Structures are given as structure tokens and as C-alpha cells.
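Just below is one structure, and these are the notes that go with it.
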Amino acid sequence: MKLKAISTLIIGLSMSFAAFAISIDDAKSQGLVGETTSGYLGVVKNGQGVQQLVNEVNEKRKEKYQQLAKKNGITLEQVEALAAKKAYNKTQSGHFIQVNGSWVKK
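Mind the numbering: the sequence shown is residues -21 to -1, 1 to 85 in mature numbering (1 follows the signal peptide of the UniProt record, and there is no 0), read in order.
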């Protein structure tokens, strides 16, 4: 009985945390995150859950970049540079990109 109550509490807490989670698109639209010169997301303006979102996205990106580097026989840095260029080109007008270390709206 105690285990069931604890499990229910954990599920309830995890669901409430998920309600506060922000999507990448929302974070970009709100000017909270932007694309960096290194091919990863960066925090433009901190808010609830923003750093966690950036960390999770960047962790997944790095895993993918490492796979691509290995598959294509190139360095991680080369993949990151290509990814940054692609991300800059795909960034919507009004969203942030990093230029010379500063955040600017595209």
C-alpha cells in the first residue's frame, strides 16, 4: 500500500514538472534560446526550465554529431561547424543567433 502511494506521488510530480516544460520552438519564439556558432543551443535569457531544455537538446545533438562524425570519417568539430551553418540558415526571422559572441535577432 505504501509503495503504491509513493508511486502515485512520483507520477503526479513528474506530470506536474512536465506541465512546466517548454518546447524548443516556444523557447526560440520567446527569445529564450538561440543557435550558437558551435552548432548547439545557447541560453539568451534564462527562465524556468530553459537551462534544462538547452542541456537536454545539446546532449542529444552531441550524440548525433558524434555518430555523423564517425560515420563520415570527419571530426566532431567539422560536424559541429556544418550543423551551426545549417541551423543559422534554418533559423526563422526574429529568432536569436550568436554572432561574434553576441546574441542578435535574425
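Each residue gets a CB set at the ideal place from its N, CA and C atoms; glycine is no exception. Model, not experiment: these values are computed from the prediction.
Exercise for the section: Using 7 Å as the cut-off, classify the Cβ of Y67 as near or not near the heavy atoms of the ligand FMN, replying yes or no. Expected result: This structure lacks the ligand FMN; in fact it carries no ligand of any kind.
Problem - Per DSSP, cross-strand counterpart(s) of Q77 - result: Secondary-structure assignment with DSSP links Q77 through a beta bridge to W82.
Exercise for the section: Would you kindly report the start and end of the unbroken alpha helix (DSSP H) that includes L61? Expected result: 55 to 69
Practice task
Spatial neighbours of Q57 within its chain, please: CB distance less than 8 Å, with the 5 preceding and 5 following residues excluded, ordered by chain position.
Solution key: Excluding sequence neighbours, Q57 sits near A48.
Handout entry: CB-CB length for S72 against K64, believed under 8 Å
Key = So it is not a contact: roughly 17 Å between Cβ atoms.
Practice task
Given a cut-off of 8 Å, decide if I76 and G13 are closer than it, judged by their beta-carbon atoms.
Solution key: With respect to the 8 Å criterion, G13 and I76 are classified as neighbours on the basis of their beta carbons.
Practice task
Could you check the C-alpha separation between T16 and V78 for me, to the nearest Å?
Solution key: 7 Å
Practice task
Spatial neighbours of Y67 within its chain, please: CB distance less than 7 Å, with the 5 preceding and 5 following residues excluded, ordered by chain position.
Solution key: E14, I76
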